């Protein structure tokens, strides 16, 4: 995970989603938002604590795993 984040310059949210084999559409559906809205959240860093908690729950991980 760390290598993905450092070497590819991607956010922890994206790294975890890819690691879990999920698409943006699948995660967005779990969150009840559009794929494009999720893509915006995934691309930015940092995200608000409440947003990080919701995304972590949708991914099935703890919020601390998304912290840089």
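In the numbering used here, the protein residues as written are 1245 to 1312. Using N, Cα and C, we set each Cβ at its ideal position, and we do this for glycine too. Quick caveat, the model's predicted, so the values are computed rather than measured.
CA-to-CA distance, residue j to residue i, given in whole angstroms
i, j, result
"residue 1285", "residue 1305", "17 Å"
"residue 1267", "residue 1293", "22 Å"
"residue 1301", "residue 1279", "17 Å"
"residue 1253", "residue 1297", "22 Å"
"residue 1288", "residue 1275", "17 Å"
Per-residue DSSP class, three states only, for residue i
i, result
"residue 1256", "helix"
"residue 1295", "helix"
"residue 1264", "coil"
"residue 1311", "coil"
"residue 1288", "coil"
Exposure of residue i, with buried meaning 16 or more beta-carbon neighbours within 10 Å
i, result
"residue 1256", "buried"
"residue 1281", "exposed"
"residue 1272", "buried"
"residue 1259", "buried"
"residue 1264", "exposed"
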